[in-house]
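S.K.: Position one of the sequence shown corresponds to residue 4 (this note's numbering), numbered consecutively onward.
Shown below is the structure under consideration.
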Amino acid sequence: MRFHAPILPALLAVALASACSPADDSAPRATAPVPEPVPAPPPPPLPEPDTGPEPAAATPASITIPVRYHGTWAADAEACADGGDLTHLVIRASTVEFYESTGEVLEVDAGDGQIDATLQLSGEGETWEDRYGFRLSDDGQTLTDTGSGLVRVRCG
4 MRFHAPILPA LLAVALASAC SPADDSAPRA TAPVPEPVPA PPPPPLPEPD TGPEPAAATP
64 ASITIPVRYH GTWAADAEAC ADGGDLTHLV IRASTVEFYE STGEVLEVDA GDGQIDATLQ
124 LSGEGETWED RYGFRLSDDG QTLTDTGSGL VRVRCG
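As structure tokens, this is what we get:
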């Protein structure tokens, strides 16, 4: 046993020294497995916006002024007698004559006792396009220019 006696303290010293030394950071460590991320489920589809009831189909515009608007109009009976009055107005199916200009009807929107007419006008050497609105009274005897407010009476 003498032979083993000197080796025993040396082995104990090595064992103690290795137990007190810091851990080796380069050695692989056992870790718990990290789960793969799971994608979130897609959000539910958004509801369609409520746009209310379907709009009614627009009434197509005409190129003819309704018959009830046809005639000669002026500010009063005296202006009717004077064909050269500034308020003198003649409405036909496809033309409108003012004091110093005449307009060809390009489009007419009619409804609720009123018309809106787009005219290609010419007068005093010029041509231009304009839009006029006219409201007819229930009895058909007065015509109001909805733009200027001028009220005309039916002549004759």
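Cβ coordinates follow ideal geometry from the N, Cα and C atoms, glycine included.
Can the beta-carbon of Thr98 be found less than 8 Å from the beta-carbon of Ala77?
M.R.: Counted from its first residue, the sequence shown places residue 98 at position 95. Counted from its first residue, the sequence shown places residue 77 at position 74. No, the Cβ-Cβ distance between Thr98 and Ala77 is not below 8 Å.
S.K.: Taking DSSP as the reference, what is the three-state secondary structure of Val41?
M.R.: The residue you call residue 41 lines up with position 38 of the sequence shown. The answer is coil: DSSP assigns Val41 none of H, G, I, E or B.
S.K.: Return the CA-CA distance between Arg160 and Asp119, expressed in angstroms with no decimal places.
M.R.: The requested residue 160 does not occur in the structure, where the chain is confined to residues 4 to 159.
S.K.: Just to confirm the assignment: which complete beta strand (DSSP E) runs, minimum length 3, are found wholly within the segment 67-93?
M.R.: Within the segment 67-93, the runs of beta strand (DSSP E) that reach at least 3 residues and sit entirely inside it are, in chain order, 74-77.
S.K.: State the Cα-Cα distance for the pair Leu109 and Ser151, rounded to the nearest angstrom.
M.R.: As a working mapping, residue 109 is identified with position 106 in the sequence shown. As a working mapping, residue 151 is identified with position 148 in the sequence shown. About 21 Å.
S.K.: If you reduce the DSSP assignment to three classes, tell me which class Ser65 lands in.
M.R.: On the sequence shown, position 62 is the one that residue 65 refers to. Ser65: strand per DSSP, three-state reduction.
S.K.: With a threshold of 8 Å on Cβ separation, who are the neighbours of Thr67 within its own chain once the five nearest residues in sequence on each side are excluded?
M.R.: The residue you call residue 67 lines up with position 64 of the sequence shown. Cβ within range, chain order: Ala96, Ser97, Val108, Val111.
S.K.: Classify Ala82: buried if its beta carbon has 16 or more other beta carbons within 10 angstroms, exposed otherwise.
M.R.: Mapped onto the sequence shown, residue 82 falls at position 79. Counting Cβ neighbours within 10 Å, Ala82 comes out buried, since at least 16 surround it.
S.K.: One question on the structure: do Asp88 and Val156 come within less than 8 Å of each other, judged by their Cβ atoms?
M.R.: If you number the sequence shown from 1, residue 88 lands on position 85. If you number the sequence shown from 1, residue 156 lands on position 153. Going by C-beta atoms, Asp88 is not nearer than 8 Å to Val156.
S.K.: Considering only DSSP beta bridges, list what Gln117 is partnered with.
M.R.: For the purposes of this step, residue 117 is taken as the residue at position 114 of the sequence shown. In DSSP, Gln117 forms a bridge with Gly114, Arg138.
S.K.: Of the residues Pro48, Gly128, Pro47, Asp115, which one's Cα is nearest the Cα of Asp141?
M.R.: Numbered from its first residue, the sequence shown carries residue 141 at position 138. Ranking Pro48, Gly128, Pro47, Asp115 by Cα distance to Asp141 puts Asp115 first.
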